[in-house]
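Top line first, the protein sequences correspond to chains F and G. When the letters of the first sequence are read in order and numbered with our numbering, they come out as residues 371 to 768. When the letters of the second sequence are read in order and numbered with our numbering, they come out as residues 371 to 768. C-beta: ideal position from N, C-alpha, C; glycine also. Since the structure is predicted, the reported quantities are computational estimates derived from the model, not experimental observations.
There are 2 protein chains.
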Amino acid sequence: MINPQTLKGFRDFLPIEAKKRQYVINILKKVFESYGFEPLETPALEYEEILLGKYGDEGDKLMYRFEDNGKRKVALRYDQTVPLARVVAQYQNELSMPFKRYQIQNVWRADNTQKGRFREFLQCDIDTVGTSSPLSDAEIIEIAASSLKALGFKNFKIFINDRKLLSNISIKALTILDKIDKIGEEEAIRELEKAGESRDLINQAKGFETSERLKEIKKIAIKLGVAANNIEFKPTLVRGLDYYTGVIFEIEIDGYDAGSVCGGGRFDNLIGLFAGKQIPAVGCAFGFDRLIETMEELKLFPTDLQRTKVLVTVFSPELLDESIKACEILNANNINQELYIDENAKMEKQLKYADRRQIPYVLIIGPNEAKNSTVTFKNLKTREQKTLPLNQALPLFK
Amino acid sequence: MINPQTLKGFRDFLPIEAKKRQYVINILKKVFESYGFEPLETPALEYEEILLGKYGDEGDKLMYRFEDNGKRKVALRYDQTVPLARVVAQYQNELSMPFKRYQIQNVWRADNTQKGRFREFLQCDIDTVGTSSPLSDAEIIEIAASSLKALGFKNFKIFINDRKLLSNISIKALTILDKIDKIGEEEAIRELEKAGESRDLINQAKGFETSERLKEIKKIAIKLGVAANNIEFKPTLVRGLDYYTGVIFEIEIDGYDAGSVCGGGRFDNLIGLFAGKQIPAVGCAFGFDRLIETMEELKLFPTDLQRTKVLVTVFSPELLDESIKACEILNANNINQELYIDENAKMEKQLKYADRRQIPYVLIIGPNEAKNSTVTFKNLKTREQKTLPLNQALPLFK
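Okay, here's the thing in structure tokens:
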């Protein structure tokens with residue numbers, strides 16, 4: 371016998387979880403599409419040279435890399451931004467610019483699995499490629515906000531900053547600034563001094579004033595529908611150290627302190643690595659697992675993601691036809707039904723199945739019901755039971 | 371500069387293709403869910419021992435295998451049936467049986483890339499686990515047929531056979547029988563003789579009569595709604611050599627001779643390899659790429675998968691507010707609109723963008739329109755253009 375187990379950091383999503391994920395994905399897709407964003411899919415495997423060196427040393431270390439059967443050096447998708455950059459360069463003549471695409475696929479990182487980090491997780495990205503307009507920056511922020519609203523979030527804060535404001539600060543110091551919220555100011559000062567940087571850097575950064583560009587973006591975002599008090603300039607926001615060149619932002623949900631659920635910014639130089647010329651871009655990614663976790667905490671999932679309303683049981687193989695007929699009638703009346711799939715199963719087992727699946731009603735057609743052209747239906751919550759002609763029962767299922 | 375390229379056998383799906391794929395996936399999901407099937411997701415990577423030896427020598431050879439950073443021997447998902455078997459064994463107490471699940475994820479095979487074969491491709495599976503009832507066999511067949519009908523296919527044939535009928539034939543001979551349709555009878559006879567098998571085997575197999583079980587399954591499938599003349603007993607149907615133990619079936623589309631678009635059967639022993647006890651199961655998988663290809667050939671895709679009806683252009687940064695207001699009005703009237711995302715772009719560029727994206731209408735608000743509270747809209751197909759108040763234009767976009 372083979373031991374059935376999943377790899378550390380990898381997850382199976384059984385139906386209850388998988389349905390929640392689909393619920394979130396469907397809402398996000400709908401919002402993205404309503405702004406004219408279109409789907410893109412890229413392969414799980416890329417030539418390793420496409421991905422290496424784009425995510426810093428840490429990224430190269432955490433990347434899943436191997437040699438395939440043809441001795442090609444390949445790597446598993448690490449994010450969706452670098453593949454987007456490759457796609458834009460590769461199909462420049464086929465894509466209509468500005469290119470607005472969304473992408474919802476898994477990425478893989480051989481990360482430490484503590485603290486709710488996983489080695490396979492879903493990313494949801496939107497990016498607008500081919501324009502450096504402040505309108506495109508503002509739209510990304512507005513879509514991020516709309517998406518959160520569509521998922522049911524009411525109170526959140528969008529922190530924005532401009533990477534250009536940070537251009538005189540060393541990467542070492544930025545790394546420390548980036549952690550202020552996590553480690554606290556005192557510890558940040560200690561680390562700065564240890565790194566030979568000025569302890570005044572924090573106050574200096576805090577004193578930065580917003581840039582003209584940020585003001586413009588914020589103004590347009592508000593015009594597009596973002597509530598003014600939802601956007602806040604945060605001069606110490608750094609957002610990693612990789613490819614951002616302009617506006618950067620992160621969204622935090624009020625009362626959820628496990629980090630941001632969405633983050634993004636402008637990256638005008640990344641695509642050039644593949645295209646040989648500058649192609650500006652702006653976008654953001656949702657942290658899917660954090661979204662799910664926060665929605666659980668705030669009880670934002672509908673209580674009933676169970677689609678089937680009625681389980682039509684099978685009393686005996688001889689009465690299977692009666693049950694099939696009932697299914698057809700329910701179906702014709704747009705009542706979501708499901709036929710129990712074993713004509714020899716005991717009724718008790720069938721009722722237990724409905725219970726576990728959280729199907730609200732069961733329908734039973736035994737010999738008496740068949741003779742009298744009636745059905746017995748049972749409400750599994752109230753345990754109420756009635757026997758009557760099916761057409762009279764129909765309104766009760768709605 | 372890094373050369374932007376995809377690995378051989380791997381594909382990017384740009385929006386036009388990606389939208390077709392989503393269209394098919396959405397229809398399949400809807401059908402599967404209408405029968406009470408629920409989603410399952412499993413990881414892309416598994417311990418290699420979970421997958422090895424389940425698909426024959428060929429499978430082991432084509433599997434993507436490597437050592438991860440923690441020296442674990444891992445393999446990329448090769449199909450969705452073995453992961454299902456693992457899941458059922460691993461979560462026996464959490465799953466409600468019968469367990470009806472669908473799974474739509476990519477699989478990876480380092481196959482020869484000739485003949486439209488890909489190294490990454492999507493599989494769409496449905497399986498019912500935990501019952502050996504003929505009703506469950508028949509339902510899988512009926513769902514396969516319903517799915518094809520929902521996609522727009524009208525004429526197809528479901529070939530069925532019973533693996534038990536073939537139990538006295540050697541694996542070597544079965545491999546040859548399996549290829550009859552491809553290589554022809556003469557060549558099959560030659561190969562049989564070369565393999566030391568009787569040339570009569572073909573006639574013998576052809577002479578097999580359907581089993582009682584098959585008759586029962588066919589009877590129920592017809593009751594469930596499958597047209598009787600769509601199901602045909604095919605005594606030479608073998609369907610690979612792996613885990614099937616009972617009914618097997620394949621569906622071919624009339625007029626499309628590149629092979630079956632769906633196939634499946636009963637596999638009562640596979641899950642036992644992981645569970646240590648027999649758990650019966652039946653299911654099928656759709657060949658997603660073949661479905662797409664056939665649908666293209668038969669023109670079954672809607673002509674317009676473009677969601678955006680109106681591109682709202684931006685005449686100048688000063689008039690951006692007017693365009694945003696128009697978007698809001700269109701939106702409030704449930705007309706799918708999209709704001710052009712660069713407030714400095716020339717109008718010509720904006721119109722060209724709408725054209726390439728196949729957006730049917732554009733809306734222009736220049737200084738005159740703004741002054742007179744009107745809009746100019748243009749039908750990009752007919753090139754007709756009208757200037758009038760927006761509320762009078764609304765019905766034209768529907």
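Contact list for G:Ile420 against chain A, beta-carbon separation under 7 Å:
Judged by its chain identifiers, the structure shown contains no chain A, and its protein chains are F and G.
Best match in F:Ala459, F:Gly440, F:Lys716 and F:Lys424 for proximity to F:Arg447 [C-alpha to C-alpha]:
The residue labelled residue 447 of chain F in the question sits at position 77 within the first sequence. Per the Cα distances, F:Lys424.
Relative to the C-alpha of G:Leu492, which residue among G:Phe380, G:Tyr434 and G:Leu721 is closest?
As a first step, residue 492 of chain G is located in the second sequence; it is residue number 122 there, counting from the start. The shortest C-alpha separation from G:Leu492 is found at G:Phe380.
So, with DSSP's three-state summary, where would you put G:Ile621?
For the purposes of this step, residue 621 of chain G is taken as the residue at position 251 of the second sequence. Annotated three-state conformation of G:Ile621 is strand, per DSSP.
Buried versus exposed call for G:Gln755 [16 or more other C-beta atoms within 10 Å across all chains shown]
Numbered from 1 along the second sequence, position 385 holds the residue referred to as residue 755 of chain G. An exposed status is given to G:Gln755, since fewer than 16 other beta-carbon atoms sit within 10 Å of its beta-carbon.
Where does the unbroken beta strand (DSSP E) through F:Gln460 begin, and where does it stop?
Here residue 460 of chain F is taken as the residue at index 90 of the first sequence, counted from 1. Residue range Thr451 to Gln460 is occupied by the alpha helix (DSSP H) that includes F:Gln460, with no beta strand (DSSP E) assigned at that position.
Spell out a yes or no on whether the stretch 653-672 of chain F and the stretch 628-639 of chain F are touching, meaning 3 or more CB-CB pairs, one atom from each, closer than 8 Å.
Contact between the stretch 653-672 of chain F and the stretch 628-639 of chain F is established, with three or more Cβ pairs separated by less than 8 Å.
Exposed or buried, what is G:Ser503 when buried is set at 16 or more other beta-carbons lying within 10 Å of its beta-carbon?
Mapped onto the second sequence, residue 503 of chain G falls at position 133. Buried, since its Cβ has 16 or more Cβ neighbours within 10 Å.
Span separating the alpha-carbon of F:Asp712 from that of G:Thr483:
Position 342 of the first sequence, counted from the start, is the residue given in the question as residue 712 of chain F. Position 113 of the second sequence, counted from the start, is the residue given in the question as residue 483 of chain G. F:Asp712 and G:Thr483: Cα-Cα distance of roughly 42 Å.
Cutoff 7 Å: G:Arg447 Cβ touching any chain F Cβ
The residue you call residue 447 of chain G lines up with position 77 of the second sequence. Using beta-carbon distances, G:Arg447 does not count as an interface residue toward chain F, since no partner is under 7 Å.
Helix, strand or coil for G:Phe644 per DSSP?
Locating residue 644 of chain G in the second sequence gives position 274, where the first residue counts as 1. In this structure, G:Phe644 counts as helix in the three-state DSSP scheme.
Whole-angstrom distance between F:Ile735 and F:Val745, CA atom to CA atom:
Start at 1 with the first residue of the first sequence, and residue 745 of chain F comes out as number 375. Start at 1 with the first residue of the first sequence, and residue 735 of chain F comes out as number 365. Rounded to whole angstroms, F:Val745 to F:Ile735 spans 5 Å at the Cα level.
Proximity to G:Tyr417 [Cα-Cα], best of F:Gly577, F:Cys697, F:Thr501 and F:Ile372:
Taking the first residue of the second sequence as 1, we reach residue 417 of chain G at position 47. When F:Gly577, F:Cys697, F:Thr501 and F:Ile372 are compared, the shortest CA-CA separation from G:Tyr417 is found for F:Ile372.
Under 7 Å, do F:Ala575 and F:Pro605 count as touching if we go by C-beta distance?
Against the first sequence, residue 575 of chain F aligns to sequence position 205. Against the first sequence, residue 605 of chain F aligns to sequence position 235. Contact flag set, yes.
How should G:Arg487 be labelled, buried or exposed, when 16 other C-beta atoms within 10 angstroms of its C-beta is the threshold for buried?
The count along the second sequence starts at 1 and reaches residue 487 of chain G at position 117. Exposed.
Inter-residue Cα distance where the pair is G:Gly616 and G:Ala591
Taking the first residue of the second sequence as position 1, residue 616 of chain G is located at position 246. Taking the first residue of the second sequence as position 1, residue 591 of chain G is located at position 221. Just so you know, the alpha carbons of G:Gly616 and G:Ala591 end up roughly 16 Å apart.
As assigned by DSSP and simplified to three states, the class of G:Tyr731:
By 1-based counting over the second sequence, the position of residue 731 of chain G is 361. In the structure shown, G:Tyr731 sits in a strand (DSSP, three-state: E or B).
I'd like to know if G:Gln720 contacts chain F, where contact means its C-beta is closer than 7 Å to some C-beta of that chain.
The residue given as residue 720 of chain G occupies position 350 in the second sequence. No, because no Cβ of chain F sits closer than 7 Å to the Cβ of G:Gln720.
Where F:Lys470 falls, given that 16 or more other Cβ within 10 Å makes a residue buried
For the purposes of this step, residue 470 of chain F is identified with residue 100 of the first sequence, where counting begins at 1. When all chains shown are included, F:Lys470 counts as buried.
Hey, does F:Glu490 have any beta-carbon neighbour from chain G nearer than 7 Å?
Counting from one through the first sequence, the residue named residue 490 of chain F turns up at place 120. Chain G contact via Cβ: present.
DSSP on G:Thr746, reduced to helix/strand/coil?
In the second sequence, counting from the first residue as 1, residue 746 of chain G sits at position 376. Strand.
Supposed close pair G:Ala455, G:Leu643 - CB separation, criterion 8 Å:
One-based indexing of the second sequence puts residue 455 of chain G at position 85. One-based indexing of the second sequence puts residue 643 of chain G at position 273. That belief holds up - the Cβ atoms of G:Ala455 and G:Leu643 are roughly 7 Å apart, short of 8 Å.
So which residues on chain F does G:Thr412 lean against when the C-beta distance must stay under 7 Å?
The residue given as residue 412 of chain G occupies position 42 in the second sequence. For G:Thr412, the chain F residues whose Cβ falls inside 7 Å of its Cβ are Asp382, in order along the chain.
Starting from F:Leu505, trace the alpha helix (DSSP H) both ways and give me its first and last residue.
Translated into the one-based positions of the first sequence, residue 505 of chain F becomes position 135. That run of the alpha helix (DSSP H) goes Pro504 to Leu521.
From G:Ile587 to G:Ile510, what does the alpha carbon distance come to, in whole angstroms?
For the purposes of this step, residue 587 of chain G is taken as the residue at position 217 of the second sequence. For the purposes of this step, residue 510 of chain G is taken as the residue at position 140 of the second sequence. Within the model, the alpha-carbon separation for G:Ile587 versus G:Ile510 is close to 10 Å.
Just to confirm, are F:Ser466 and G:Tyr723 a CB contact at a threshold of 7 Å?
To locate residue 466 of chain F, count along the first sequence from 1; it is residue 96. To locate residue 723 of chain G, count along the second sequence from 1; it is residue 353. Result yes, Cβ atoms of F:Ser466 and G:Tyr723 sit closer than 7 Å.
At a Cβ threshold of 7 Å, is F:Thr451 touching chain G?
Residue numbering aside, residue 451 of chain F sits at position 81 when the first sequence is read from its first letter. With 7 Å as the cut-off, F:Thr451 does not count as an interface residue toward chain G.
Grouping DSSP H, G and I as helix and E and B as strand, with all else coil, what is F:Asn600?
The residue given as residue 600 of chain F occupies position 230 in the first sequence. Here F:Asn600 sits in helix by DSSP.
Any C-beta of chain G sitting closer than 7 Å to the C-beta of F:Thr664?
The residue given as residue 664 of chain F occupies position 294 in the first sequence. Taking Cβ atoms only, chain G never reaches closer than 7 Å to F:Thr664, which makes this a no.
Report the CB separation of G:Ile474 from G:Ile397 in whole angstroms; it is logged as a contact under 8 Å.
The count along the second sequence starts at 1 and reaches residue 474 of chain G at position 104. The count along the second sequence starts at 1 and reaches residue 397 of chain G at position 27. Going by Cβ atoms, the distance from G:Ile474 to G:Ile397 rounds to 12 Å, so no, they are not a contact pair.
List the residues of chain G whose Cβ lies closer than 8 Å to the Cβ of F:Pro650, in chain order.
Within the first sequence, the letter at position 280 stands for residue 650 of chain F. Taking a Cβ-Cβ cut-off of 8 Å, F:Pro650 has no neighbours in chain G, whose nearest Cβ is about 10 Å from it.
Distance between G:Leu681 and G:Met717 (C-alpha atoms, nearest Å):
Stepping through the second sequence from its first residue, residue 717 of chain G is reached at position 347. Stepping through the second sequence from its first residue, residue 681 of chain G is reached at position 311. Approximately 12 Å between the Cα atoms of the pair.
Any beta strand (DSSP E) of 3 or more consecutive residues that is wholly inside the stretch 688-740 of chain G:
Qualifying beta strand (DSSP E) stretches, in chain order: 707-709 and 731-734.
To the nearest angstrom, report how far apart G:Ile618 and G:Thr580 are at their CA atoms.
On the second sequence, position 248 is the one that residue 618 of chain G refers to. On the second sequence, position 210 is the one that residue 580 of chain G refers to. In a straight line, the C-alpha of G:Ile618 is about 12 Å away from that of G:Thr580.
Below-7 Å beta-carbon distance, F:Val457 vs any chain G residue
Reading the first sequence from its first residue, position 87 is the one you call residue 457 of chain F. Taking Cβ atoms only, chain G reaches closer than 7 Å to F:Val457, which makes this a yes.
What is the rounded straight-line gap between the Cα of G:Thr673 and the Cα of F:Glu555?
Counting from 1 along the second sequence, the entry for residue 673 of chain G is found at position 303. Counting from 1 along the first sequence, the entry for residue 555 of chain F is found at position 185. Across the structure, G:Thr673 and F:Glu555 are spaced so that their CA atoms are roughly 59 Å apart.
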